[in-house]
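When we follow our numbering, the leftmost residue of the sequence shown carries the number 227, and every step to the right adds one.
By construction, the Cβ of each residue, glycine as well, lies at the ideal position given by its N, Cα and C atoms.
Notes for the one structure printed next.
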Amino acid sequence: MGRVMNNTDGIPVESRWPRRDVLQAGALGVSASALAGLGLDPVHAAGDLPGRAKSVIYLWVGGGMTHIDSFDPKPEAPEEVRGELTAISTRLPGVQFCETLPRLAAVADRLAVVRSFSHDSNDHLLSQVYTLSGRKVNRNQLFSEPNIGAIVSHLYGSRNGLPGYIAVPGITRPGPPPHNLFVGGWLGNQYAPFCVGGRPEQPDFTVGKKLDNPPSEISEDLSPRELIYPDGLSRGRLGRRLGLREGLKRAAREAENDRRLSAIEGHYGNALNMLLSPKVRQAFDFSGESVALRDDYGRTKIGGRCLQARRLVEAGARFVMVDYGYDPDYGNLFDIHNAPSQNFPHVSKMVKRGYNVVGVDRAFAALIRDLEGRGLLDETLVVFLTEFGRTPKINKNGGRDHWGACGSIFFAGAGVEAGQVVGQSNKHAGYPITRPYGPADIAATIYHSLGIDIESRVRDRENRPISVLDHGRPIEAVLA
Numbered sequence: 227m228g229r230v231m232n233n234t235d236g237i238p239v240e241s242r243w244p245r246r247d248v249l250q251a252g253a254l255g256v257s258a259s260a261l262a263g264l265g266l267d268p269v270h271a272a273g274d275l276p277g278r279a280k281s282v283i284y285l286w287v288g289g290g291m292t293h294i295d296s297f298d299p300k301p302e303a304p305e306e307v308r309g310e311l312t313a314i315s316t317r318l319p320g321v322q323f324c325e326t327l328p329r330l331a332a333v334a335d336r337l338a339v340v341r342s343f344s345h346d347s348n349d350h351l352l353s354q355v356y357t358l359s360g361r362k363v364n365r366n367q368l369f370s371e372p373n374i375g376a377i378v379s380h381l382y383g384s385r386n387g388l389p390g391y392i393a394v395p396g397i398t399r400p401g402p403p404p405h406n407l408f409v410g411g412w413l414g415n416q417y418a419p420f421c422v423g424g425r426p427e428q429p430d431f432t433v434g435k436k437l438d439n440p441p442s443e444i445s446e447d448l449s450p451r452e453l454i455y456p457d458g459l460s461r462g463r464l465g466r467r468l469g470l471r472e473g474l475k476r477a478a479r480e481a482e483n484d485r486r487l488s489a490i491e492g493h494y495g496n497a498l499n500m501l502l503s504p505k506v507r508q509a510f511d512f513s514g515e516s517v518a519l520r521d522d523y524g525r526t527k528i529g530g531r532c533l534q535a536r537r538l539v540e541a542g543a544r545f546v547m548v549d550y551g552y553d554p555d556y557g558n559l560f561d562i563h564n565a566p567s568q569n570f571p572h573v574s575k576m577v578k579r580g581y582n583v584v585g586v587d588r589a590f591a592a593l594i595r596d597l598e599g600r601g602l603l604d605e606t607l608v609v610f611l612t613e614f615g616r617t618p619k620i621n622k623n624g625g626r627d628h629w630g631a632c633g634s635i636f637f638a639g640a641g642v643e644a645g646q647v648v649g650q651s652n653k654h655a656g657y658p659i660t661r662p663y664g665p666a667d668i669a670a671t672i673y674h675s676l677g678i679d680i681e682s683r684v685r686d687r688e689n690r691p692i693s694v695l696d697h698g699r700p701i702e703a704v705l706a
């Protein structure tokens, strides 16, 4: 049996250990659950991306945020459509947002708002997979298609010691029963996102008692568990053992094909790199941020997550998804049917709560201003996406139901023709009256901005060539 000598430690490593033994010896005390979601660096990891965008912040609001009570108000519609809210002017002449978005209205000249977002599903799970991947699925394919971030991570890898695809915090589990839709799909588990929040303590957010009106200002610790040194190990001891880890990794590549173990093998090397990198650890430390900036984002969950996304991009992260909408304190706070079990008020009151649309407005606007002030907006593509809009007509409970036919999203930053509204809905915001754009078109626009040819093919874990996207085109009107 061949032997590999590690030049740093002088420790011989058996080159053909069974993978299970390799992983048990090589994990260095970092648990398998803490390692999920980190990827290896492919060929392109060291260089800049060929497109206009160097990084992506994907603002994903799961649950279906109402478009009428945010980006596409209809002040002339009857009250059962427009609700109790008013429309306000924006920085764009003749363009109005709902009163819930005063801060985004003030930076509307930095946005390209798409009001003709549309597809044919009113189902949460199918629509969320579609928006996360750009691929239409059926019930048997909920976990088979890689997220957009997984494709980016596969093609370009990590940068500056940070995983190629990061979810902040990555705890959304729609259901019931709860489903984890943040996946690497046919690329393999090693391309699922690194979720800074780890596993949610209560993955099914539809159960458990919740306050009728929980506080909007809730502090979260978004520091990954991976940044906690394992018992008995310091940074110095880990550094001395990196050579051993490299030898173990080479041995593991030649071992048997076990999907679960291959995911762990692919993950743990980056977990060690994160432990050893002061720059990575600093990216999760908010202590240097000013009180004024923290207040600008809002001391809310969505505010902290957006600030964390900016810090990660500033540290070199390629693709960061801000995950917000399903929450142990709030439930599915954008799924505003107002069923008796939800304890929600009328939609016109619910969206004004600090953790709902008003909180999103504050955090998203602060993110745009902060990126621009640091010179990062021109190289960072920011995309807001939710799986669908809500029904034009308010239901008898004072809520709005699922509505895939029409919704609103926005782009900002690198490669975007800002200061415009793309598309138009009818007088009740029920259907587009201009060209509709679906999740595949959103995905195609992201790929285009990163320099990824959507007609190119990538190899799945069985080495079969599969197209980056099977339908959809970049939204030309959005692109600069």
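DSSP three-state assignment for residue i, whether helix, strand or coil
i: proline 301; result: coil
i: tyrosine 673; result: helix
i: arginine 336; result: helix
i: leucine 285; result: strand
i: arginine 329; result: helix
i: histidine 350; result: helix
i: glycine 639; result: strand
i: isoleucine 668; result: helix
i: valine 608; result: strand
i: arginine 308; result: helix
i: glutamine 322; result: strand
i: glycine 656; result: coil
i: glycine 633; result: strand
i: glycine 530; result: helix
i: glutamine 508; result: helix
i: valine 648; result: strand
i: valine 433; result: coil
i: glycine 514; result: helix
i: arginine 690; result: coil
Distance, residue j Cα to residue i Cα
i: tryptophan 629; j: alanine 331; result: 24 angstroms
i: leucine 538; j: valine 609; result: 16 angstroms
i: serine 516; j: isoleucine 314; result: 30 angstroms
i: histidine 697; j: tyrosine 356; result: 12 angstroms
i: asparagine 569; j: aspartate 627; result: 15 angstroms
i: alanine 565; j: glycine 677; result: 44 angstroms
i: phenylalanine 510; j: glutamine 534; result: 7 angstroms
i: alanine 258; j: glycine 514; result: Since pLDDT at alanine 258 reaches only 33, below the 50 mark, its modelled position is unreliable, and no value is offered.
i: proline 389; j: phenylalanine 343; result: 30 angstroms
i: aspartate 522; j: alanine 631; result: 34 angstroms
i: glutamate 681; j: glycine 664; result: 18 angstroms
i: alanine 541; j: asparagine 386; result: 7 angstroms
i: leucine 695; j: aspartate 553; result: 31 angstroms
i: glycine 633; j: valine 506; result: 37 angstroms
i: glycine 551; j: glycine 434; result: 16 angstroms
i: proline 404; j: glycine 320; result: 43 angstroms
i: aspartate 346; j: threonine 617; result: 14 angstroms
Own chain residues within Cβ distance below 6 angstroms of residue i, not counting five before or after
i: glycine 396; result: Phe408, Pro419, Cys421, Gly423 and Asp549
i: leucine 285; result: Val548 and Phe610
i: lysine 527; result: Ile444 and Glu446
i: aspartate 686; result: Trp412 and Ile692
Residues of its chain near residue i, where Cβ-Cβ distance is below 7 angstroms and the 5 sequence neighbours each way are ignored
i: serine 675; result: Gly277, Arg278, Ala279, Leu607, Ala640 and Gly641
i: arginine 699; result: Asp667 and Ala670
i: alanine 706; result: Gly641, Val642 and Glu643
Other residues of its chain near residue i: CB distance less than 8 angstroms, five sequence neighbours each side excluded
i: arginine 579; result: Asn439, Ser442 and Gly585
i: alanine 704; result: For the sequence presented, residue 704 should be read as valine rather than alanine. Excluding positions up to five away in sequence, the list reads Ala338, Val340, Phe637, Val642, Glu643, Val648 and Thr671.
is_contact[residue i, chain C] using C-beta, thresh 8 angstroms
i: arginine 579; result: Note that chain C does not occur in the displayed structure, where there is just one protein chain.
Residue i: CB within 7 angstroms of a non-hydrogen atom of the ligand ATP
i: glutamate 515; result: Questions concerning the ligand ATP fall outside what the structure shown contains, since it holds no ligand whatsoever.
Complete runs of the beta strand (DSSP E) confined to the segment 537-605 [at least 3 residues]: If we require 3 residues or more, the beta strand (DSSP E) runs fully inside the segment 537-605 come out as 545-550.
The segment 546-555 contacting the segment 276-285, beta-carbon criterion three pairs below 8 angstroms: Yes, the segment 546-555 touches the segment 276-285.
At least 3 beta-carbon pairs within less than 8 angstroms: the segment 645-660 vs the segment 300-307: Judged by Cβ distances under 8 angstroms, the segment 645-660 makes contact with the segment 300-307, as three or more pairs qualify.
Complete runs of the beta strand (DSSP E) confined to the segment 356-428 [at least 3 residues]: For the segment 356-428, the full-length beta strand (DSSP E) segments reaching 3 residues or more read 391-394 along the chain.
The segment 612-628 / the segment 363-373 touching (three or more Cβ pairs under 8 angstroms): Taking 8 angstroms as the limit for Cβ pairs, the verdict is that the segment 363-373 does not touch the segment 612-628.
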